[in-house]
Every structure is written in structure tokens, then in C-alpha cells.
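In what follows, a single structure is set out as C-alpha cells and then discussed.
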Amino acid sequence: MNKVIVDPITRIEGHLHIETDVNDLGVITGAYSSGTMFRGIEQILQDRDPREAWAFTQRICGVCTTVHAMASIRAVENALKYPIPTNARLIRNIITATQAVQDQVVHFYQLTSPDWMDVVSALKADPAQASSLQKCLSKWHNNSTAYFAKVKSTLSKFVSAGQLGIFNNAYWGHPAYKLPPELNLVLFAHYLEALEWQREVVKVHAIFCGRNPHGNYVIGGVPCAVSTDDYGNLTPGNSSLDQDGLNLIGSLIQSMNEFVTQVHLPDLLAVARFYPDWFTRGEGLGNFLSFGDFPEDDNPSWGAKPPKLAVPSGAILWPRTATGRRLPFKDFRLADVVQSIDLNDPSEIQEFVSHSWFDYQPPAGKSTGLHPYDGQTHPNYNGPTEAYAPHKPVCDGGETLYNPGVRAEYSWLKSPRWRSQPMEVGPLARIAVLYARGDANTEALVNQSLAQVNQPLSALFSTMGRLLAEGLDTKIDADMLKGWYAQLVNNIKTGEIATHNPELFDPATWPTEASGVGFTEAPRGALGHWVKIKDKKIANYQTVVPTTWNAGPRDPDGRPGAYEAALQDGKHTLAIPGQPLEILRTIHSFNPCMACAVHVIDPRKEETLRVKVQG
Amino acid sequence: MSNQQTFLEALEERGVSRRSFMKFCAITASSLALAGTHARLFAAALASAPKPTVIWLSFQQCTGCSESILRSFGPALSVENLILNVISLDYHETLQVAAGDQAEKCRKDAMQAAHGSYVLIIDGSIPANDKEFWACIAGNSALAHLQEAVNGAGLVIALGTCAAFGGVPAALPNPSNAYGYTDLLVDTKLVVNPKMEHKNLIEVPMVPGSNPPKPVPFVNISGCPPMATVITSTIALYLTKVKDLLDGKITIDDLLKVLDRYNATTNPMGILDYLYRPKPFYGDRGDPVVHTDCPRFPHWEKQEFAKSYGDEGARQGYCLLNLGCRGPQARNSCTRLGWNTDPNDGGLFKNSPTHAGHNCLGCSEPNFWDTGFDGGRERFRQGFYSVQK
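These protein sequences, in sequence, are chains A and B. Numbers in the numbering used here are just positions in the first sequence, counted from 1, shifted up by 1. Numbers in the numbering used here are just positions in the second sequence, counted from 1, shifted up by 813.
Printed below as a string of C-alpha cells:
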């Protein structure tokens, strides 16, 4: 048995440390996931103005910029029963979907594709054949022989100049790479095109929020004002939301649709055909959770009839036999096993700290699960305080983070559970819940794309299936953008220009005590913020974050988190133990975001005021 | 160096014409306040600059600074040109392909091969003392990685408000003992953050071979996150100076005069302001660039103010001062250069937080989370929505 430790896991957000046990055949038999950075944004939020919580929480993550701000303003609005105008709802949907499209395309090309694309092999490509290949894949305009010859020449000069920069010392030539040189060249061309494309489409955020990353938000609506003259008629230049701004948003939504339909999805399907075995491994839990997002009407979230969500909420627990074995996929239907969720029910979402660098105060203990409203976290780091593995190798006495003989704790992440079960969140969970809820569009997309790669529906539950789900999720978001944009343009054209409701912005209008939950579907999955407000200040703030669900450590019953379960499914064999390409493929398919995932709380406030946030 | 492509060669291969390159240089030079002859020299120096090694270390950060640089526009300093042609980005956790041991080897090899000349970019704050191991990479603390990397750097860029001044992790009560770079230096002459306890934990790095020893220059590029244009233009400036240094046209003393940190407050000719930020982008003390360049500024002059978000006034471009705007205190280029745009495209698209309709948070200034600008750290004295009287 060997320890294979990968730290840093690169091409993710933040600091992730993965330890695996690998047997003599190269098969991973145990996996342990650790978050190694802590900031404590929750303590920082304590006693601050709830209206400005979004600005702090947004800095939880700059890759998933916007999502923590969105969850925060929704939590405060939920607590204050604060309605927002229709235009604000539409603009928020456009902001969130734009973020998902941009982030998920960048995740595929910049963060994931080097796991499947051998850049050095692209140097052997025939540009004419690459051109033919591109013409088969889609009608994307960059398809000429000359274009691919130019990309190849750029790459060739770059490599021969000898400074490989971010491509240096990678896994080029590894036997797990299976793509032909021409497809590698096409992917590399799109790697560069995606860099150009992604900075353009976030202009949507610049118009609505002033900038990207880390634009501005406000409770009660959106801060951007429609640019008008003093008669209330649309006029250019008084704010960014004028006719030019609207036109630009329209053309960027068009650009998003073209890139996703003609580049991202075709590339994904082409890659998937060469890696059929990756449709058979990498789904460890089989449980899925979506909070849902994109309200389609103006019903308030606290009302008797909550808003209809374009992406629905739900939980799927894979059915098991009496002995705990998973039923074969053919023996049940997703529609029969999807369940409703309630973010306010104390028995549903709970967080555990049995293997995390935190304590719970009595009467709770190391094995207790606490709902976010009642959550507490007291950091208690008992990990190494000198260099450890891999900086100090195990063979030289370097300590491993997972070291059960010495301590149970090995991560800054907590272990969230739904009805005491570990859950996977993210695009695969969203697609599974959409499918289970009978969404016809999703069913068609899933069935068609799986047919194109000759895979059954059960293949969706795998490393490659997770990437495919991300691509389909991106396509669904890009499609929905067109509808919200059309509604927004029509509203403004017909004189409906309100973007903010000032009614409850003044804290003098607030009750003495209030509490609320706000949620969104971040690219990486279900995100919730829970806030308690007392005397116009934050008394308690807690976030439960996608990567905490996915990357969290084991729970008191020893059940692993989603990363751990996926890696130790018995189907991951390292071809070259010193080169952990197989580990990277499965971990990257989850789109990790570590800065989001690390929890903490105020150790000074032991009795009533407990603040907890990921930071 | 012989097989290294120069910047202009690489650009021409990417289809960027010499003419558009010269236009870029003229505009960048003017934003750096270089005139006439200097602008031409700048262009010549930049065109023949070799690709410098850049090592980018991320500590207690959110990756927002890396995301910001991913938004940089061309023709010359777009992100794709930057990482392929302008710099050799030899270590960057979010972008590099190699992971684990292979990634660590990249870092160590680059530090060795470019000893004394590599650009060290750091983002994120650094936890210290009893919480040193609360941020770890590859089995060692952020502080240990930083100390190792500054020895041998030719320039240290503290990117973003977290690396420069501590930022959000250092907001009160600073749960993780987080510090910005300069607050950790064993260097009593530096006063960036007067209310921050000075840690004296990092030995000041010296330029290899300098006699008498000269400290390695550093630059703060603040903002949460900083603007892409500001980041890339500062790197471009440094490229030209490194080229001059390598060609023997200037000495390390000359370089240090330009990037002079000790005399920043007394030497008005230096390029850095009193917080060690490049003056062309951050102005200087008493020079409120966000406010005066704001498209809503004419309404401030007329004393026309929005009363709430999206109200009649906000829609007509009125000033946001009464919503808590910190534009008058914030020194940054947001309103002058515009976000998410190519400053060379003639201003067709030029946006900023205040133009959209939200008050400026003042994110380029130390302690802006605790609202005590210029060193004050009294918690909650004034939130983002408090109006200054």
C-alpha cells in the first residue's frame, strides 16, 4: 500500500490537499480530502450592518463571484420580507445565468481540458484534417486550414522558445491521453478562443453591477438605474443601463449561445467519445441535491405560494437494498425517488465536525449535527505546525494530514449532510433533478447527447457524465437568458423602469429580530446563506457552500464526502503512480472551489450569538 | 536568453501589427505619464523585452485577482498574449497544468533558473504567529513559501488589497492573524498600515550581488480586485526597466529610484505613492481620482444627489454621495479607465461601479472594510451605507 499525495491540486480555486491509498496494482482504495486554508469571514460579519453582508460574502470567492452576494441579499430580504421589482428579478436571473455560462466554459477549457487534451500531441496535427474535423463538429466560423495552421504555428513557436510557463512539466505523453492530434489542436485553439470570449461576456456584469469580478449588489433590488432624462424617457449615458447597454447585453447573450452550442458542447461530445471508460467511474455517492434557482414569477420567497423556479429544487437518494447495496439503475426511475427539500427544517440540512478542525460546545459534541440556524463552530486547529507531506516527504518522516492514529481531524471543511446522508451538488445534481422532475427540454438534451456518445442514461453518473451534465446545464442557462432578456427589454420599452424598491432599505423600518435564508445554484452547486438579525445588526450568519458538500471529510458514521467516495470507488487505477492524472480528472469534474468551502465561527461568542460562514 | 522570443516578435506572430503595438504603447505610456521621447523609448524597450519569469503565489485569497487579470484586453496585453508571449508564468495554481509534485518542481526550477530577476506576484494575505499553519500549500505554511520566494525575486508585486494591506481576512477582528506583505517585513522604515501591528517576520530580501546591499523593490497594486489594466501596465513598465538593466543602460540604483519605496513620501519624482502604489493609476494623497473622474461628478458640482437606488436622480446620473459613496476618498482608476474594457478602444464601452449606480466601496484603500481610511481601524465607525457628514 502506497500513499499518493497531491498538493497543490492545481486548476481549481484555492488550496486543496488530496491523500490517497494506492494498492500494488495502482488502484485507489482510500481517499481523504482536506481544505488547508482558513480566513474566518463569519467572525468578521458579526455585528455588522446586514445590508453590507453581500460585499463581505462575495469575497469568499472571486471565481464564483456574484453567487455569494446573491445568496446574501436574498437571505436578508427573506428575513425582512422585502419584495423586489420584476426588473430586479429578471436582472438577477441574467447575472446568475451569465456567471454560470462564463464560469462553466472557463472550467471546461482552462481548468479541465488539459486533463484530456495533450497539448504536445497537437504539434503533430495536420491543420487540413483539423479543419475537416471542426467542420464535422459544428458550424463554428474558425474552421479553415489556415486558421489551424496559424494556431499550430503559435504553439510550435511557443514550445520551441523553451519557456513553457503554465504548460511546463505537465503530463504530456501520459498513456491516459487518448485524443488524436487534430482534436488536441482543435481543443487548444478553443482554449485560446475561450480566453478571449470569457472576458467579453462578463460585460453583462459590468453593465448591471459596475464591474467583474466583484460587482455591486443591493438589498431591495439591483443598484443599476435605467438611464433616463428628467421626463423618465430612456436616454443615453446617464447610467450604464441605457439602449447601448441593453443592445450590448443582447449581443453578448447571442455570443454565449453561439459559443456554448457551436464550441463547448460539440468539443465535450467529441472528447467523450474517446474516453468511454470514464463513463464508468467517478460517481461515488449516487445522492444528489439541488436548491434550485431562477424565480419565474414575482411571488415572494416567504409567501404561501413561493415563486416557481426555472431550475427546480430536490433531493435524490439512490435506492439501496436492505444490505445497503445500491440498486442497479435499471431497477428504478429517477422520477420515483426525487424528494422535496425544506431549507428551514432543522432535521434536513445539518453540519458535522467530527473530522474537521472545529469543536461544538455542549450539549452538542463532536458527533452532533447542527442545522445552520443553530450552527456553531469553534476553530480548533490541531494539525501539523511544521512542514508536512508532501513538502517534507513521508519517507523523511513528513506527517500526513489524514493520520487517524494521532487525530480524527484532517480538514478545515465541515461535513454537511441532508437527512444524515452525504450528497453531491453541482451541474450533475441539477440535471438529475430536472430530469427527475420531468423537464422535457432536459430529457431531450440528456437523451440526445448520450445517444451521440453511445452511452446509456446510467453513464451520466460518472466523471465524464458530470462534465457532460455541466455542458448541458450551460446550454440550458444560455437558452433561458434569451427569455429574461426579452422580458426586460419589453418592460423598459413599455415604461416599467423600476429596478429597486426603497421601502425597507432604512433599518428604522425593520423588526427587532428577524431571520432568513437565501439560496442560489452556484456553478458548483447548491449554495445557502442563513442570517439572524437583531437590533439591526448581524447576530448570526452562516453559509453552507457547494464545495463543502462535495469536498468535505468523513462524517461521524465514517461516510466519506463526494470527492472521497468518487476517488475510492475501486475503479481509479493510476497508470503512473507519480503522475496523478486520473485523480485530477475526477476531482476537476466537480469544479472545486476551496475558498468557498472552509467554515468558521466566532470562538468568543459561546452562548447565543454564533456566527458561521465559509471563508 | 538567445532562444527567447521578444515581445514584439511574439505579437507579430499573433497577427498584432507594429502599428497597433505602437498605439498601445503610446496610450499606456500616457497613462503612465510618460511624454514624447519617453513614450518612444518605452515602446522600444517593451518591444525587445525578453519574457520574464513570473512566479505567482496565492495565499489567503479568493482568486478574484487572478480572475481580474483574466479580463485584460489587447492588443498587446490581453490575457492570452500575456501568458503565452509577454511573461513566462511558471507557477500559478489556478492556471498551470502540472499539479502536486510536478507543480512544486516548476516553482523550484523557475526560482533557481531566474534567481535574482523573477517577478514574484503574491495575492491574498498571510496568517502569522500562532496561526501560521492556518494557510498551507503543498505541506508548508504560506509564510514559509513567501520567505523562500522573496529571496531571489527581482520585483515583488503585492497584488490586491489582501496582499497589500491585509484586506478582508484582516478586517476586524482578524480571526486568522492575517497580514499584508509589507506588514510582515523586518523593516521599521515602512509604514503602510499604521494601526496594524508590525510583525517583523520576513527578512527583507536583498538584490543578489548588490553592494552595498539593496532591498528588492516592491509595488502594491491595491483594489478588491485591482483593475486588469493597472496590473498589466505595471508589469509592462517593469519589463522595460528590466530590459534596460540587462542591457546595462541603467543600474539597479536607477531602477530603485523609479520604484523607490523608502522615499515615496519625500521623493515626488518616484513613481510610487505613499502606499507604494504606482501613482499614474492611484494618484497621490489628496488626489481623489475616483470622484473627479466619475461620470456623475458634474452633478456633484451642481449638488444634485440621488436619494435612493434607482430613483429619478440615480437614473439621471446624479451623484451617489448621499448613498454612502466613497469616491472622494478612493484613489483608483475605475472611473478614468473603465472596467472590463480595452482602454485603447476609444471609450465605446466604459463602465464603473458608480456609473452603473452603486456607491464606491473604496476597495483600493487600506482598512476599507473597517472604513477607517488612512490607517484608522475603529470597527463599524461607518458602514458602506453611512453618509458622511
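No residue lacks a Cβ here, since even glycine has one placed at the ideal position from N, Cα and C.
- Along the length of the stretch 404-462 of chain A, whole alpha helix (DSSP H) runs at least 4 residues long occupy 428-437, 441-453, reported in chain order.
- A straight-line Cα-Cα distance of about 52 angstroms links Leu-933(B) and Gly-325(A).
- Of all residues in the stretch 375-407 of chain A, only Tyr-382, Gly-384, Pro-385, Thr-386, Ala-388, Tyr-389, Ala-390, Pro-391, His-392, Lys-393, Gly-399 place a beta-carbon less than 7 angstroms from a beta-carbon of chain B.
- Taking each of Lys-918(B), Asp-996(B), Arg-1139(B) in turn and checking the Cα distance to Leu-956(B), the smallest one comes out for Asp-996(B).
- The beta carbons of Asp-903(B) and Ala-923(B) sit closer together than 8 angstroms.
- Taking CB atoms only, Lys-1115(B) has no neighbour in chain A less than 8 angstroms away.
- Counting along the chain, Ile-493(A) sits inside no beta strand (DSSP E); it lies in the alpha helix (DSSP H) bounded by residues 464-494.
- Against chain A, the CB of Glu-893(B) has a partner CB under 8 angstroms away; the residue lies at that interface.
- Spatial neighbours of Asp-245(A) in its own chain (CB-CB distance under 7 angstroms, excluding positions within 5 residues in sequence) are listed in chain order as Pro-237.
- In the DSSP assignment, Tyr-994(B) falls outside any beta strand (DSSP E) and within the unbroken alpha helix (DSSP H) covering 994-997.
- Residues of chain B with a Cβ closer than 7 angstroms to the Cβ of Lys-204(A) are, in chain order, Asn-1153, Phe-1162.
- For Pro-296(A), the uninterrupted beta strand (DSSP E) run begins and ends at 294-296, by DSSP.
- The C-beta distance from Val-426(A) to Leu-575(A) rounds to 27 angstroms, too long to fall under 8 angstroms, and the pair is not in contact.
- Against chain B, a Cβ distance below 8 angstroms from Asn-239(A) picks out Arg-1128, Gln-1129, Gly-1130.
- Between the beta-carbon of Ala-390(A) and that of Gly-399(A) there is about 4 angstroms, and that keeps the pair under the 8 angstroms contact cut.
- According to the DSSP secondary-structure assignment, Arg-920(B) is paired through a beta bridge with no residue.
- Counting only residues of its own chain and dropping the five nearest sequence neighbours on each side, Tyr-1051(B) has a CB closer than 6 angstroms to the CB of Leu-968.
- If you draw a straight line from the Cα of Gly-559(A) to the Cα of Pro-373(A), it is about 22 angstroms long.
- In summary, the residues of the stretch 177-209 of chain A whose CB is separated from some CB of chain B by less than 8 angstroms are Leu-193, Leu-196, Glu-197, Gln-199, Arg-200, Val-203, Lys-204, His-206, Ala-207, Ile-208, Phe-209, in the order they occur in the chain.
- Within chain B, the C-beta atoms nearer than 8 angstroms to that of Leu-249(A) come from Phe-1162, in chain order.
- Per the coordinates, the alpha-carbon of Gly-31(A) lies some 24 angstroms from the alpha-carbon of Ala-430(A).
- If you draw a straight line from the Cα of Pro-1179(B) to the Cα of Asn-990(B), it is about 16 angstroms long.
- Burial check for Asp-474(A): the Cβ neighbour count within 10 Å reaches 16 or more, so the residue is buried.
- One finds Asn-170 in chain A with Cβ atoms closer than 8 angstroms to the Cβ of Lys-918(B), taken in chain order.
- Contacts with chain B (Cβ-Cβ distance below 8 angstroms) from the stretch 572-592 of chain A involve Gly-579, Gln-580, Pro-581, Leu-585, listed in chain order.
- Straight through space, the alpha carbons of Arg-75(A) and Trp-198(A) are spaced by roughly 30 angstroms.
- Arg-586(A) is the residue among Gly-496(A), Gly-571(A), Arg-586(A) whose C-alpha sits nearest the C-alpha of Thr-11(A).
- For the stretch 19-43 of chain A, residues whose beta-carbon sits nearer than 7 angstroms to a beta-carbon of chain B comprise Thr-37, Met-38, Phe-39, Arg-40, Gly-41, Ile-42.
- Note on geometry: alpha-carbon atoms of Thr-58(A) and Gly-370(A) lie some 24 angstroms from one another.
- Val-77(A) places its beta carbon 8 angstroms or farther from that of Thr-500(A).
- Not one beta carbon of chain B lies nearer than 8 angstroms to the beta carbon of Gly-519(A).
- Any Cβ of chain B closer than 8 angstroms to the Cβ of Cys-62(A) would place that residue at the interface, and such an atom is present.
- Taking 8 angstroms as the threshold, the shortest C-beta distance from Asp-230(A) to chain B falls below it.
- The beta carbons of Leu-124(A) and Lys-153(A) sit closer together than 8 angstroms.
- Under the 8 angstroms Cβ criterion, the stretch 183-196 of chain A counts as touching the stretch 126-141 of chain A, having at least three qualifying pairs.
- Within its own chain, the residues whose Cβ lies closer than 6 angstroms to the Cβ of Tyr-218(A), once the five positions on either side in sequence are excluded, are Trp-55, Ala-70, Ile-74, listed in chain order.
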